[in-house]
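According to the working numbering, the residues represented by the sequence shown are 2 to 87, in order. Down below is the structure, laid out as structure tokens.
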Amino acid sequence: MSKFTIPDKVLYVCVGSKCGKRGGKDMYKIAKAYIKHYNGPEEIEVIETECTDRCKYAPICSIQPGNTWLKEYHAKDVLKLMDLIK
Numbered sequence: 002m003s004k005f006t007i008p009d010k011v012l013y014v015c016v017g018s019k020c021g022k023r024g025g026k027d028m029y030k031i032a033k034a035y036i037k038h039y040n041g042p043e044e045i046e047v048i049e050t051e052c053t054d055r056c057k058y059a060p061i062c063s064i065q066p067g068n069t070w071l072k073e074y075h076a077k078d079v080l081k082l083m084d085l086i087k
């Protein structure tokens, strides 16, 4: 049986239809690469979600815990926020 780990923080990136077309898919790939190289003592996990039902604000992502949501973001905004929560 493998070890089940619980991350300190989780970035949920919507890659559903509208979010994916407006940068969600690219953001997911960028965030995964960022975490692979810069994950520190506080582990951050990146999870793609299919839909958050907030399509008019696409793209959408959320950082938990803390209930922080970003709408109509640019990749640099998300990476800055990830730097702050490390």
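Quick reminder that beta carbons are idealized off the backbone N, C-alpha and C, glycines included.
Would you tell me roughly how many angstroms separate the C-alpha atoms of residue i and residue j, rounded to the nearest one?
i: Asn68; j: Val47; result: 15 Å
i: Glu51; j: Cys15; result: 6 Å
i: Met83; j: His38; result: 13 Å
i: Ile7; j: Ile36; result: 15 Å
i: Cys62; j: Lys22; result: 14 Å
i: Gln65; j: Asp9; result: 9 Å
i: Asp27; j: Ser3; result: 30 Å
i: Asp54; j: Leu71; result: 14 Å
Using 10 angstroms around the beta-carbon of residue i, count the other beta-carbons present and answer buried if the total reaches 16, otherwise exposed.
i: Pro60; result: buried
i: Ala34; result: exposed
i: Ile45; result: buried
i: Leu12; result: buried
i: Glu73; result: exposed
Could you pull the start and end residues of the alpha helix (DSSP H) that residue i belongs to?
i: Tyr35; result: 26-39
i: Ile86; result: 76-86
Between which two residues does the beta strand (DSSP E) carrying residue i extend?
i: Lys10; result: 10-15
Among all the DSSP beta bridges, which residues are the ones paired with residue i?
i: Ile64; result: Leu12, Thr69
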